[in-house]
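Written out below as C-alpha cells is the structure these notes cover.
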Amino acid sequence: MMDQHEDPKFEQWLKNAARTYHTPHPTPREEMWKRIEDARRNRHVIELRPWMRWAVAAAAVLILGIGIGRWTAHQPNAGNGTTTVATADSTTPAQYDLVYQVAATQYLSHTEAFLTSFRADLGSNHAAKSARFARQARDLLSTTRLMLDSPAGKDQRLRSLLEDLELVLVQISQLDAAHNGHDTELITQGMNQSNVLPKLRSAIPAGPVPVRTQGAL
Amino acid sequence: MDESQLIARVRAGDSAAARALYDAHVDRVYRLAFRLAGDDALAQDFTQETFIRAFDRLGSFRGDAAFSTWLYTITTTVVLNGLRKVKRFRQRETDIDDAHDVGIAQRHAEPDLKTRLKQAIDDLPEGYRTVFLMHDVEGYTHEEIGAALGVETGTSKAQLSRARAKLRVALSDFAGEWVT
Chain A
13 MMDQHEDPKF EQWLKNAART YHTPHPTPRE EMWKRIEDAR RNRHVIELRP WMRWAVAAAA
73 VLILGIGIGR WTAHQPNAGN GTTTVATADS TTPAQYDLVY QVAATQYLSH TEAFLTSFRA
133 DLGSNHAAKS ARFARQARDL LSTTRLMLDS PAGKDQRLRS LLEDLELVLV QISQLDAAHN
193 GHDTELITQG MNQSNVLPKL RSAIPAGPVP VRTQGAL
Chain B
444 MDESQLIARV RAGDSAAARA LYDAHVDRVY RLAFRLAGDD ALAQDFTQET FIRAFDRLGS
504 FRGDAAFSTW LYTITTTVVL NGLRKVKRFR QRETDIDDAH DVGIAQRHAE PDLKTRLKQA
564 IDDLPEGYRT VFLMHDVEGY THEEIGAALG VETGTSKAQL SRARAKLRVA LSDFAGEWVT
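One line per chain: the protein sequences are A and B, in this order. Mind the numbering: the first sequence is residues 13 to 229 in this note's numbering, read in order. Mind the numbering: the second sequence is residues 444 to 623 in this note's numbering, read in order.
So this is what it looks like as C-alpha cells:
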C-alpha cells in the first residue's frame, strides 16, 4: 500500500534535481593515494606513544586535581585552616611529562581543526576571514614555539611536525586583507607537499574524547 | 583474484594489493564524502582518512559483511565526525563580520531552484540529510545505509521518508514542476 506521503512524481523530480547538490569533482586518485601512502609510512614513526591513551586521561585528572587544589587554597575561610594544598612543587617529572603530553594533544587537535577549516574556507577568501585566520594563526604560532621549547620538542619526530606547522602558520599569519587567491593557493600547496595534515592527524592519539578535544574541536 | 584474497594480501603487507583495493572503492568513498561535505579539500581529507583507517584496521575486518559495507561505515564515521569538528570550529570563531555577511546573503530575493534545494538539503537534520544523500543521490540501498550508520533498515526508510516530506514542504513553490 502506498504511504500517504509517497508521491512517485515528486520523488523522481527530487532525485533529478538533487543531482546538482554538491556535484563531485573527478576523483583525484593519484594525489590522494600518494598522501595515503605517505601518511601510512609516517604513522609508524610520528605517533605519540600508545600508553598515552590512558596516561592522557590520568593527566587530565591530575591537572583537574591541581586546579581544584589551587582554587581551594585561594578560598577565604576554606575549611578549618588545615587544608592540604597541591602545589606545582609536588609534581614529579613523570607528571610534568604527562602534562606536556596533554598540552601537546590539545594543541595538535586545535591545529588540525584550524588547518582543516582554513583549507575548506579558501574558496571564500574575503578580508574578514583572512584577518580572522591570520589572528588565529598568530595565536597558534605562539603555542607552536612554546611547544618547540618544551619537553614535547625533544621528540625528534614531533619536533619535525612542529617545525612544519610553524612554517604553515607563519604563512597564514602574514595573510592580510588585500591578499589574493594566489597566496592561499601557495600555502595549500605547501601543506600538501609537506603532507602536514595527515601527519598531524597521525600524531593525535585516539584517546579519551573529552581530553583530546578540550578547547579545540 | 577475488576481494577476500586481495584483503589477505593487503594484511600481509602487499602494497600493490592495497592500491588495487583502493582503486576498487575510492570513487564511491570520494563521491559520498563530497556529497556530504560539499568541498573538494574536505572530501579529499575525509577519503584519505577513511583509507588510512581502513588499512590500519583491516585486521579487525572479519568478512561477515561485504568489505564495501565495512568501508562505508568508516567513511560515514570519518565524514560526519569531521564535519561536526569543522562546524563547531567555525561556530566558535564566527565573528561580527561573518554575522554581517549572513545578513547580506539573506537579502537575495527569489533564489532559483538550485539555491533553494541546496538550502533545503543543508537545513535537514544530519541523519535525514545523510540518508537522503546516500539513497536518493548516491544510490545506496537501505541495507547498506543501515549498516554504515548502525541503524535498522526501517529507520533508514523512515528517515528518508521524513527527509522527502521536509523537502517537499521547503520546495512547495516549485510544485508545478513535479505535478506536470
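Ideal placement from N, C-alpha and C gives every residue a C-beta, glycine not left out.
- Taking 9 Å as the threshold, the shortest C-beta distance from isoleucine 48 of chain A to chain B falls below it.
- Closer than 9 Å to the CB of leucine 449 of chain B there is not a single CB belonging to chain A.
- According to the DSSP assignment, glutamate 586 of chain B belongs to the alpha helix (DSSP H) that extends over 585-592.
- Cβ atoms of lysine 141 of chain A and valine 622 of chain B stay farther apart than 8 Å, at about 42 Å.
- Between glutamine 602 of chain B and valine 594 of chain B, the C-beta gap is smaller than 9 Å, which places the two residues in contact.
- Distance between threonine 573 of chain B and leucine 479 of chain B, taken at the CA atoms: about 7 Å.
- In terms of CA proximity to threonine 155 of chain A, A:Leu174 leads the group A:Asp167, A:Ala143, A:Leu174.
- Your pair leucine 501 of chain B and valine 453 of chain B checks out as a contact, with CB atoms roughly 6 Å apart and the cut at 8 Å.
- Among the residues facing chain A, glycine 481 of chain B is included, as its CB has a counterpart in that chain under 9 Å away.
- Comparing C-alpha distances from asparagine 204 of chain A to each of A:Leu120, A:Tyr119, A:Leu177 shows the shortest one belongs to A:Leu177.
- In the three-state reduction of the DSSP assignment, aspartate 151 of chain A falls in the helix class.
- Residues are counted here when their Cβ sits less than 7 Å from a Cβ of chain B; for the stretch 28-42 of chain A these are Ala29, Ala30, Arg31, Thr32, Tyr33, His34, Pro36, His37, Thr39, Pro40, Arg41, given in chain order.
- Taking a beta-carbon distance threshold of 9 Å, aspartate 19 of chain A counts as an interface residue toward chain B.
- For a Cβ distance threshold of 9 Å, residue set Lys528, Val529, Phe532, Arg533, Glu536 of chain B lies close to serine 129 of chain A, ordered along the chain.
- Excluding residues up to 5 positions away in sequence, Ser185 lie with their Cβ nearer than 7 Å to the Cβ of arginine 150 of chain A in the same chain.
- In summary, the residues of the stretch 482-494 of chain B whose CB is separated from some CB of chain A by less than 9 Å are Asp482, Asp483, Ala484, Leu485, Ala486, Gln487, Asp488, Thr490, Gln491, Glu492, Phe494, in the order they occur in the chain.
- In this structure phenylalanine 145 of chain A is not in contact with leucine 209 of chain A, their Cβ atoms being roughly 15 Å apart against a cut-off of 8 Å.
- Secondary structure of tyrosine 33 of chain A (DSSP, three-state): coil.
- Contact fails between the stretch 495-515 of chain B and the stretch 558-575 of chain B, because fewer than three Cβ pairs, one in each stretch, are under 8 Å apart.
- Of all alpha-carbon atoms in A:Arg47, A:Ala115, A:Val182, A:Glu43, the one lying nearest the alpha-carbon of lysine 211 of chain A is that of A:Arg47.
- In this structure, the beta-carbon distance from glutamate 581 of chain B to phenylalanine 510 of chain B does not fall below 9 Å.
- Around the Cβ of glycine 589 of chain B, a 10 Å sphere holds 16 or more other Cβ atoms; the residue is buried.
- Membership of arginine 572 of chain B in the alpha helix (DSSP H) is indicated by the continuous run 569-575.
- Boundaries cannot be given for valine 580 of chain B, as no alpha helix (DSSP H) includes it and DSSP labels it neither H nor E.
- Measuring C-alpha to C-alpha distances from leucine 127 of chain A to each of A:Arg31, A:His37, A:Tyr33, A:Gln183 identifies A:Gln183 as the nearest.
- Shown here, proline 20 of chain A sits in a helix according to DSSP, grouped into three states.
- For glycine 597 of chain B, the enclosing alpha helix (DSSP H) starts and ends at 596-613.
- Remark: C-beta atoms of leucine 576 of chain B and leucine 475 of chain B approach each other more closely than 9 Å.
- Neighbours of phenylalanine 498 of chain B in chain A, taken as residues whose beta carbon is under 9 Å from its own, are Ile48, Arg52 in chain order.
- DSSP places glycine 456 of chain B outside both helix and strand once states are collapsed to three, so it counts as coil.
- Think of a sphere of 7 Å around the beta carbon of leucine 209 of chain A: the chain B residues whose beta carbon falls inside it are Asp488, in chain order.
- Glycine 481 of chain B sits in coil when the DSSP states are folded into three classes, being neither helix nor strand.
- With its beta carbon at least 9 Å from every one in chain A, phenylalanine 510 of chain B lies outside the interface.
- Interface residue (Cβ-Cβ distance to chain A less than 9 Å): arginine 607 of chain B is classified as such.
- With respect to chain B, the C-beta atom of aspartate 151 of chain A has no partner C-beta closer than 9 Å.
- Cα atoms of tyrosine 583 of chain B and glutamine 534 of chain B: separation of roughly 31 Å, rounded to the nearest angstrom.
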